[in-house]
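Q:
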Amino acid sequence: MPQSLSEKIMESKLNRGSVKELKSTIDFCNDYHLNLLGYKPEQIGLRIFSDGEWGSFCERIGLNSNSSGAYLPRNQTAFLDGNNHLSLFHEYFGHGLYCEQNLTGRKLIELEKRLLEEERREFQNREFTLEELGEFRKQSENFQNLDEHRRENRIKYELFAIWTEWLLSSEMGLKEKFERRYYGFSSEDRQVIDRVINFSEGNGELAGFYNQGMARRTTAKRVKRLLQDIYKDKLKDVRFVLFYGSRKEFSDIDVFIVGENPQGSHSDFLDVKMQSPRDLKKGIKNFDVRTLIPLMNGQFIFGDRDYFEKSKQQILSQPISEEAVKHNLKWSFRMQRLKDENLEDDSLRNKFEGYSQTYLANGLALKQGLKLFTKEDLLSYSHSEKTIQLKGGTEKNAN
Amino acid sequence: MQIEQMMGYQPMQAQRTQERQTTYFVVGDLENLSASVLYSDIPEYKKFVDITWREDSDEKIGDHINYEVWMKKIGSKEGRNLNLSNTHILIPPTIKSGSG
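Taken in order, these protein sequences are the chains called A and B.
Residue numbering for the first sequence follows this note's numbering, starting at 62 and increasing by one per position.
Residue numbering for the second sequence follows this note's numbering, starting at 413 and increasing by one per position.
(1) Find the residues of chain B that neighbour A/Q185, judging by a C-beta separation of less than 8 Å, and give them in chain order.
(2) What does the Cβ neighbour count give for A/G274, buried or exposed, with the cut at 16 atoms within 10 Å?
(3) Which word fits A/S443, buried or exposed, when buried means at least 16 other C-beta atoms lie within 10 angstroms of its C-beta?
(4) For A/R283, count the other beta carbons within 10 Å of its own beta carbon; 16 or more makes it buried, fewer makes it exposed. Which is it?
(5) Closer than 8 Å is the cut-off here; do at least three beta carbon pairs connect the stretch 126-135 of chain A with the stretch 173-182 of chain A?
(6) Shorter than 9 Å from the beta carbon of A/E232 to some beta carbon of chain E?
(7) Assuming contact is defined by CB atoms lying nearer than 9 Å, are A/G306 and A/D298 in contact in what I supplied?
(8) Is there contact between the stretch 145-157 of chain A and the stretch 220-240 of chain A, where contact requires at least three CB pairs shorter than 8 Å?
(9) Can you name, in chain order, every residue of its own chain whose Cβ lies under 7 Å from the Cβ of A/G325, other than the five neighbours on each side?
(10) So which residues of chain B does A/F363 contact, with C-beta pairs closer than 9 Å?
(11) Report buried or exposed for B/I463, applying the criterion of at least 16 other Cβ atoms within 10 angstroms of its Cβ.
(12) Under the DSSP definition of a beta bridge, which residues are partnered with A/N163?
(13) Let me know the secondary structure DSSP gives B/R466 once reduced to three states.
(14) At what residues does the beta strand (DSSP E) containing A/K101 begin and finish?
(15) Between the stretch 403-423 of chain A and the stretch 362-378 of chain A, are three or more C-beta pairs nearer than 8 Å?
(16) Quick check: is the beta carbon of A/L377 nearer than 9 Å to any beta carbon in chain B?
(17) Should A/P380 be labelled buried (16 or more other beta-carbon atoms within 10 Å of its own) or exposed?
(18) Within the same chain, show all residues whose beta-carbon is closer than 7 Å to that of A/Q289, passing over the 5 residues directly before and after it, in chain order.
(19) Within 8 Å, do at least three Cβ pairs link the stretch 120-133 of chain A to the stretch 74-82 of chain A?
(20) Taking the C-alpha atoms as reference points, what is the distance between A/D189 and A/S231?
(21) On a CA-only basis, which of A/R181, A/I87, A/G106 is nearest B/V439? Give me that one, please.
(22) Taking 8 Å as the cut-off, does the stretch 231-248 of chain A touch the stretch 194-208 of chain A (at least 3 CB pairs, one atom from each stretch)?
(23) Can you list, in chain order, the residues of its chain whose CB lies under 7 Å from that of A/E266, leaving out five sequence neighbours each side?
(24) Just verifying my parser: in three-state terms, what is the DSSP assignment at A/G325?
(25) For a contact defined as C-beta to C-beta under 9 Å, what are the partners of A/P134 on chain B?
(26) Could you give the DSSP three-state label for B/A447: helix, strand or coil?
(27) Can you give me the Cβ contacts of A/L440 inside the same chain, cut-off strictly under 6 Å, excluding the 5 residues immediately before and after it?
(28) Among A/F110, A/F140, A/E114, A/L147, which one has its Cα closest to the Cα of A/C90?
(29) In the DSSP assignment, find the unbroken beta strand (DSSP E) run with A/M396 in it and report its ends.
(30) Counting along the chain, where does the beta strand (DSSP E) carrying A/L303 start and finish?
(31) What does A/F89 pair with, by DSSP beta-bridge criteria?
(32) Since A/Y218 meets chain B, which of its residues come closer than 7 Å, beta carbon to beta carbon?
(33) Just to make sure I have the definition right: I need the residues of chain B whose C-beta is within less than 7 Å of the C-beta of A/H156. Which are they?
(34) Going by DSSP in three states, A/D294 sits in which element: helix, strand or coil?
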């Protein structure tokens, strides 16, 4: 039966006071991550060495003994030289969690495991030295891929771990410990570290995690907190806020806001579409897909629920007009034109292409008297309609 | 999990190390011979965390520790350089007006 982390720590040679203190630190940090992100380290091992053992351990397996901790992606274990808060934050909650809940980190683990299998086959019947292992790795394609990945992403790994040190030190009232460490970096490195810290100070811790590619296990409560941290008092005049889209852990978070002074936003992790009440009314009247899809599929986060429900009801009850059909066909043509103007930019081209298809499908579905509310239903409808093709006549039909 | 595993990994052939001045490993050791290691690989690092900081020290200015004094204390002109600069991974959300 696998041991719990507490049991593992109990077996270490740390004195009882240190063990108790370490357990309470880990519990605190686990709770912090669970509450904020909806996950905590799960598969990460932790080994703590007492005085004198660290150096010989490092020497034996070729690690840098001048460090006070290390994280080995191959066995997903953090190794610490004694009970050291900053190293625990850096190796276990920084590198460890990154390799568990980030696609770049998961890739590193995957590449390590692939190389491990290859090495097992090579050395299964003989003893070997580190030098021989190094020679073997030099000619291994798996190792080349791993090394390239590590080099390309080294900064991301390190910055996340350093930022985690800052974050958890601040949460636990150990800021001075981090400050001492911080001034150990070169001025150039400090500038980069400052950018990460300033980002999360300005936009909140959740944004700090998500902006570094960590899994987005979103709930209405979590999205509300994220928006409040980013938008701050700009949210006070909104009528209602919805959360929609794929909700996949590594996709961006789609939010629909109805309010005055539209201020949408876009980043790798957050895509906020905002409409004024006037635009919403117009969108409902025309069955516009950019209103229809979030409104009919979105989860209410906060605001005027009655206004939101009435808006939805109007979509369901109002008749389909000829004007609405034309509106969607006209926008399909516009989006197609925008796509053609942005052929060099993959992201924009795909975005406009997608809109063009859904507008076209919606226009034709409405013409048949069908009200379809999801992107999937619209695309499926367009595939079933063999006659749907974007040709020169589309704009003409729309007028 | 055995205590020896928890407290410090011993290569399975460690016994022979002292005789030959070379550590020999067997296939079971590969688990710990990670090809990539993530850690704070700075020689100065241990100095930073080991030095006892006096809470009432006048070396601390405002909310921040005086950098020059600190560097003098550990005998270094410049800190660790991880070469983190020239990175563009942090792109804050751009809030734009008139988005629809």
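Positions of the beta carbon are idealized from the N, C-alpha and C atoms, including for glycine.
A: So, to answer that:
(1) V439
(2) buried
(3) buried
(4) buried
(5) yes
(6) Of the protein chains in this structure, namely A and B, none is chain E.
(7) no
(8) yes
(9) V333, K334, M335
(10) Per Cβ cutoff of 9 Å: no residues; A/F363 is ~19 Å from chain B at best.
(11) Low local confidence applies: a pLDDT of 32 at B/I463 is under 50, so the model's placement there is unreliable, with the coordinate-based value given in what follows. It is exposed - the Cβ of B/I463 has fewer than 16 other Cβ atoms within 10 Å.
(12) A/M275
(13) Because the pLDDT of B/R466 is 31, which lies under 50, any placement of that residue in the model is unreliable, and the number read from its coordinates should be weighed accordingly. Note: B/R466 maps to coil in three-state DSSP.
(14) Per DSSP, A/K101 belongs to no beta strand (DSSP E) and is neither H nor E.
(15) no
(16) no
(17) exposed
(18) L296
(19) no
(20) The identity of residue 189 of chain A in the sequence shown is Phe, whereas the question assumes Asp. Their Cα atoms are separated by approximately 45 Å.
(21) A/R181
(22) no
(23) L97, L228
(24) strand
(25) S446, A447, S448, V449, L450
(26) coil
(27) none
(28) A/L147
(29) Segment 383-402 is the alpha helix (DSSP H) holding A/M396; no beta strand (DSSP E) there.
(30) 299-305
(31) DSSP, once it has assigned bridges, lists no residue as partnering A/F89.
(32) L450
(33) L450
(34) helix
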